[in-house]
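Shown next, in the form of structure tokens:
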């Protein structure tokens, strides 16, 4: 779900980029110095996971998993996703440099909102409940991302309104897919390595 | 085929063609590429956009990346962006009778909508070509050092360099896990079982990565890591670098002037 260069209006880009930079700063501050390699490995994992395609009717979608990123990384989701977007756009040369901040805003803001809301519940409840909460967070993050993309398009001109509506509609099935996959991933992690979801009351967060 | 030890997953670095920008400081290349892209995205008229495209193409020829990779990247516009472009002629209302391209049933295609779609395609192409020419051939470590040299926080640079480092390692981990699923008869279908299996796959990948990161941190601490790599200071800019910077600035300014000059 990347918006390309030259589509969205400048004020929209400027506002979202400013918020993205602020989030980036907060995210970097939340990472303990010696934990940087851990965040890097998890950010690389999500980058790799985005290579997984799910068949959906005649086409396929790739995973975003921003809800799960938010649950695992909290504010550090900003720098982790920024690195992914930067590598994609600049180092691998896929374009989207002027909209880097906008694209980061669209995926990282929902990630942090869902993550911060869900991580404590996931950390403290039993696997079945954690899975349900994780699934809702995963679906909600995609819904918010789709809304952000649609709003950015709609604010850029009347002519993009139909496209904005299509974005929201097209993300309904993606929401369901990401919700289910996030729920399954949360169950597995809860059973195999529950300390990956540290509770604020027991251990210091990542 | 030799095993690919490059940190980059793409084949760009492996190519042996000479890159004419190889001698230019990475910081200058990065800033020049970003400024030129910004200038081109701000353009409105076709003469200036075509000029930007010609300049980007010239830079690409000088960088001599493999043609196949460039073509693949230019095609990498996502389905939904394509949809927006195709819809634009129909969603932009015609400015007058002369603007109607075709009218079919309830649909009217406008010339101004077609123009807007063409502008977006031109801008996207210029950005991809410029980045491929100037930045994509940098080694990830060089790229990180350039960012640090431009004032990017050390923590972010460390994060970037390590992410690139482990991307390829984890991609192989994913391939291994998927292969073991396939050996056990897993076929991806559109059902609940498939989705749950993919979810478990992602969860397992994360658990393994988490364990791996614990080992990495332990190993790095043993070697004195305290949060950032000692990046050595970059060499001062050479006259050649300044020359290139001036050229890039002139190119960007020329496009902007052409765009605003009354023709």
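Protein chains in written order, with the working numbering: chain A, 1235 to 1440; chain B, -9 to 253.
Where is the CB? At the ideal position from N, CA and C, for every residue including glycine.
Can you check whether the CB of residue j is closer than 7 Å to the CB of residue i?
i, j, result
"residue 1240 (chain A)", "residue 113 (chain B)", "yes"
"residue 276 (chain B)", "residue 1388 (chain A)", "Residue 276 (chain B) cannot be examined here, being either before or after the span of chain B that is shown, -9 to 253."
"residue 1331 (chain A)", "residue 30 (chain B)", "no"
"residue 1416 (chain A)", "residue 1372 (chain A)", "yes"
"residue 34 (chain B)", "residue 249 (chain B)", "yes"
"residue 1314 (chain A)", "residue 1265 (chain A)", "no"
"residue 1275 (chain A)", "residue 203 (chain B)", "yes"
"residue 121 (chain B)", "residue 1335 (chain A)", "no"
"residue 1320 (chain A)", "residue 143 (chain B)", "no"
"residue 125 (chain B)", "residue 63 (chain B)", "no"
"residue 1297 (chain A)", "residue 1283 (chain A)", "yes"
"residue 1268 (chain A)", "residue 217 (chain B)", "yes"
"residue 1378 (chain A)", "residue 1407 (chain A)", "no"
"residue 245 (chain B)", "residue 65 (chain B)", "no"
"residue 1428 (chain A)", "residue 152 (chain B)", "no"
"residue 1421 (chain A)", "residue 197 (chain B)", "no"
Would you report the Cα separation of residue i and residue j, rounded to the nearest angstrom?
i, j, result
"residue 71 (chain B)", "residue 214 (chain B)", "47 Å"
"residue 18 (chain B)", "residue 24 (chain B)", "10 Å"
"residue 224 (chain B)", "residue 139 (chain B)", "7 Å"
"residue 175 (chain B)", "residue 1384 (chain A)", "40 Å"
"residue 1434 (chain A)", "residue 154 (chain B)", "30 Å"
"residue 1405 (chain A)", "residue 1376 (chain A)", "7 Å"
"residue 1355 (chain A)", "residue 1367 (chain A)", "8 Å"
"residue 3 (chain B)", "residue 49 (chain B)", "The predicted model places residue 3 (chain B) with a pLDDT of 46, which falls under 50 and marks its position as unreliable; any figure quoted below should be read in that light. Near 18 Å, if we compare the C-alpha coordinates of residue 49 (chain B) and residue 3 (chain B)."
"residue 1351 (chain A)", "residue 1307 (chain A)", "12 Å"
"residue 75 (chain B)", "residue 101 (chain B)", "13 Å"
"residue 1318 (chain A)", "residue 1281 (chain A)", "6 Å"
"residue 210 (chain B)", "residue 148 (chain B)", "13 Å"
"residue 85 (chain B)", "residue 99 (chain B)", "11 Å"
"residue 36 (chain B)", "residue 105 (chain B)", "9 Å"
"residue 189 (chain B)", "residue 1324 (chain A)", "30 Å"
"residue 1358 (chain A)", "residue 1347 (chain A)", "19 Å"
"residue -5 (chain B)", "residue 156 (chain B)", "Its pLDDT being 43, under 50, residue -5 (chain B) is placed unreliably by the model, and the measurement read from it follows with that caveat. Cα-Cα distance, rounded: 12 Å."
"residue 133 (chain B)", "residue 16 (chain B)", "7 Å"
"residue 1341 (chain A)", "residue 240 (chain B)", "36 Å"
Please compile the residues from chain B whose C-beta is within a distance smaller than 8 Å of the C-beta of residue i.
i, result
"residue 1430 (chain A)", "196, 197, 200"
"residue 1403 (chain A)", "Chain B residues near residue 1403 (chain A): none, gap ~11 Å exceeds 8 Å."
"residue 1260 (chain A)", "Those do not exist, as residue 1260 (chain A) stays about 12 Å from chain B at its closest Cβ, beyond 8 Å."
Below 7 Å on C-beta distance, what does residue i contact in chain B?
i, result
"residue 1271 (chain A)", "152, 203, 206, 207, 210"
"residue 1427 (chain A)", "197, 200"
"residue 1400 (chain A)", "73"
List the residues of chain E that residue i touches, going by C-beta distances under 9 Å, in chain order.
i, result
"residue 1357 (chain A)", "Reference to chain E is not applicable here, since the protein chains of this structure are A and B."
Whose Cβ in chain A lies nearer than 8 Å to the Cβ of residue i?
i, result
"residue 74 (chain B)", "1241, 1387, 1394, 1397"
Do residue i and the ligand ATP come close, with the Cβ less than 6 Å from some heavy atom?
i, result
"residue 88 (chain B)", "With respect to the ligand ATP, the structure shown offers nothing to examine, as it has no ligands at all."
Strictly below 7 Å CB to CB, what residues from chain A border residue i?
i, result
"residue 63 (chain B)", "1327, 1328"
"residue 77 (chain B)", "1396, 1397"
Note down, in chain order, every chain A residue with its Cβ under 9 Å from the Cβ of residue i.
i, result
"residue 82 (chain B)", "1391, 1392, 1393"
For the segment 1306 to 1334 of chain A, which residues have a CB atom closer than 8 Å to at least one CB atom of chain B, in sequence order?
Correct list: 1306, 1313, 1314, 1316, 1317, 1318, 1320, 1321, 1323, 1324, 1325, 1326, 1327, 1328, 1329, 1330, 1331, 1332.
Contact residues within the segment 21 to 39 of chain B, judged by C-beta distance below 7 Å to chain A:
The residues in question are 24, 27, 28, 31.
Are at least three pairs of beta-carbons, each pair with one atom in the segment 226 to 240 of chain B and one in the segment 175 to 195 of chain B, less than 8 Å apart?
The answer is no - the segment 175 to 195 of chain B does not touch the segment 226 to 240 of chain B, with fewer than three Cβ pairs under 8 Å.
Positions along the segment 1273 to 1289 of chain A whose CB lies within less than 8 Å of some CB in chain B:
Against chain B - using a Cβ distance shorter than 8 Å - the residues of the segment 1273 to 1289 of chain A are 1273, 1274, 1275, 1276, 1277, 1278, 1279, 1281, 1282, 1283, 1285, 1286, 1288, 1289.
Could you list the residues in the segment 216 to 245 of chain B with a C-beta less than 8 Å from some C-beta on chain A, going in chain order?
Against chain A - using a Cβ distance shorter than 8 Å - the residues of the segment 216 to 245 of chain B are 216, 217, 218.
Residues of the segment 94 to 118 of chain B whose Cβ lies closer than 9 Å to any Cβ of chain A, in chain order
The residues in question are 103, 106, 109, 110, 111, 112, 113, 114, 115, 116, 117, 118.
Which residues of the segment 168 to 193 of chain B have a Cβ closer than 9 Å to any Cβ of chain A? Give them in chain order.
Cβ contacts with chain A: 168, 178, 179, 180, 182, 184, 185, 186, 187, 188, 189, 190, 191, 192, 193.
Residues of the segment 118 to 143 of chain B in Cβ contact with chain A at a cutoff of 8 Å, in chain order, please.
The segment 118 to 143 of chain B vs chain A, Cβ under 8 Å: 118, 121, 122, 125, 126, 128, 130, 133, 143.
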